[in-house]
Structure formats: structure tokens, C-alpha cells
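Heads up: the structure comes next, in C-alpha cells.
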Amino acid sequence: MRLDLNKESRLLFVGDSITDCGWMEDPEQIGDGYVRIIRDWLRCLDPQSAPRVINRGISGHRVTDLAERWERDVISLAPDVLSVKIGINDVWHGLAGSGLGVSIDRFITTYRELLSWTRQALPGCKLVLCEPSVIWPPQPADGNELLRPYVMAVNHIGREFGAIVVPLHLAFNRAREIRPDIDWAPDGVHPSSSGHMLIARTWLAAADLL
């Protein structure tokens, strides 16, 4: 499914630290991660149709945190295209026994509620749902396995809502298998510059914009 964009389009990215990448301190309010790469690619691909790109990632956020700010950071901004990348912290924050993780049932229910709200408030908004990427060592060894149900959930929800689904979990695991010498995510979660490029390329390919 190709995203049709023009210079009037508002392309909004929402998520956690992997989306955030310091956008609030950035004079352009874009950050230095995959959102910037996508924005710059679209500008260079066709300057005439390059959309307005907005970043609303916030470090540490889970799907329940998105719910608390959805009106302010999504609905009120009236995007034409909404890209959501969430799920890492829902698992990661629960690995140390802190009780701050989000169960898979609550993750699914909350995610569906947010997208249903979006469909009702912004019926023309196109959806792009990004799989949670990875939780690798040096994080707890079972982190990536615990993440898999959340990856599957995003795919199921994507099909339910007719969204483009970006296969980031698959992309990262394949990349590490092919080139284990490349540090795709140095701390096991947060991407390197190569990891952010991998996210951007996978996103653009899923949206048929390469």
C-alpha cells in the first residue's frame, strides 16, 4: 500500500525514546533518529510533495502513556498519516520486576481503543503501525522472546484497522543474523545510527516510498 503524500500532508510520528531522539531540544523539532531520515528522504525524493513531518515521541513511554496524551499529541494535531511505534517499554519496564510493564491483554485493548478513537475523530487519517523492534542482550536474555507476543499483536491490530505494518522486529533480527559484526542496537534496545537507518528504510519500503 503506497502512501500518497503532498506538501499539505501532516505526517505524525508518535512513540517512545526510539522515536523521540531529542526532538524537543532540536531547533527543527524533529530529533536525530529515524524520523529525521524519513523526513529528509521524502524531501529529496520529491521536494514538491514532501509532507510536513511532526515528531511526538517521548522517552520511556508505553501504550498506556500514549493514551494519556493522545488527545493532545495526536487528535488535536489532525494528522493525515499517523505512524505509531510502541511496545518496547511495555515489556522492558517489566523485566526487572518493577511492575511497570504493560500486560499483553492491556496492550492490545489500549492500542485498539486509541486507533478506534483516531478512526472516529480523524476518519481520513492513514495508519502506519511499526512492530516493536528488539530487546537483545545486554538486556535480559528472555527479553526478545517476551516481546514477540507484542510484535504479533501489532500485526493483528494492523490487519484489523487496514494499516500499513512496518516489520521492524523481523528487519532487526535478519540484519543481526546477516551481519552480527554491525552494532544495530548497542544497549540491546536503542538503535545505533545504522539501526535508525534500518528503521527508516524498512518504514519507507512498507509505505512503498523507496
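So the number in our numbering is just where the residue sits in the sequence shown, counting from 1, plus 40. Quick reminder that beta carbons are idealized off the backbone N, C-alpha and C, glycines included.
Distance between residue j and residue i (C-alpha atoms, nearest Å)
| i | j | result |
| --- | --- | --- |
| residue 224 | residue 153 | 32 Å |
| residue 48 | residue 121 | 11 Å |
| residue 137 | residue 102 | 16 Å |
| residue 100 | residue 230 | 11 Å |
| residue 163 | residue 157 | 10 Å |
| residue 214 | residue 69 | 32 Å |
| residue 258 | residue 110 | With the chain covering 41 to 250 only, the question about residue 258 has no answer from this structure. |
| residue 201 | residue 166 | 10 Å |
| residue 63 | residue 93 | 12 Å |
| residue 139 | residue 124 | 24 Å |
| residue 194 | residue 168 | 10 Å |
Beta bridge counterpart(s) of residue i as assigned by DSSP
| i | result |
| --- | --- |
| residue 55 | 97, 125 |
| residue 204 | 168 |
| residue 152 | In DSSP, residue 152 forms no bridge with anything. |
Rounded Cβ spacing between residue i and residue j (contact assumed at less than 8 Å)
| i | j | result |
| --- | --- | --- |
| residue 147 | residue 174 | At roughly 17 Å, the Cβ-Cβ gap does not stay under 8 Å, so residue 147 and residue 174 are not in contact. |
Cβ shell of residue i (< 6 Å), same chain only, five flanking positions each side left out
| i | result |
| --- | --- |
| residue 83 | 90 |
| residue 73 | 61, 236 |
Closest residue to residue i among the options (Cα-Cα distance)
| i | options | result |
| --- | --- | --- |
| residue 15 | 246, 235, 209 | The question about residue 15 has no answer here: the residues shown for the chain are numbered 41 through 250. |
| residue 119 | 196, 178, 159 | 159 |
| residue 149 | 98, 197, 188 | 197 |
| residue 189 | 177, 240, 130, 98 | 130 |
Contact test: residue i Cβ vs the ligand PLP heavy atom, cutoff 7 Å
| i | result |
| --- | --- |
| residue 74 | Among the components modelled here there is no ligand, and therefore nothing to report on the ligand PLP. |
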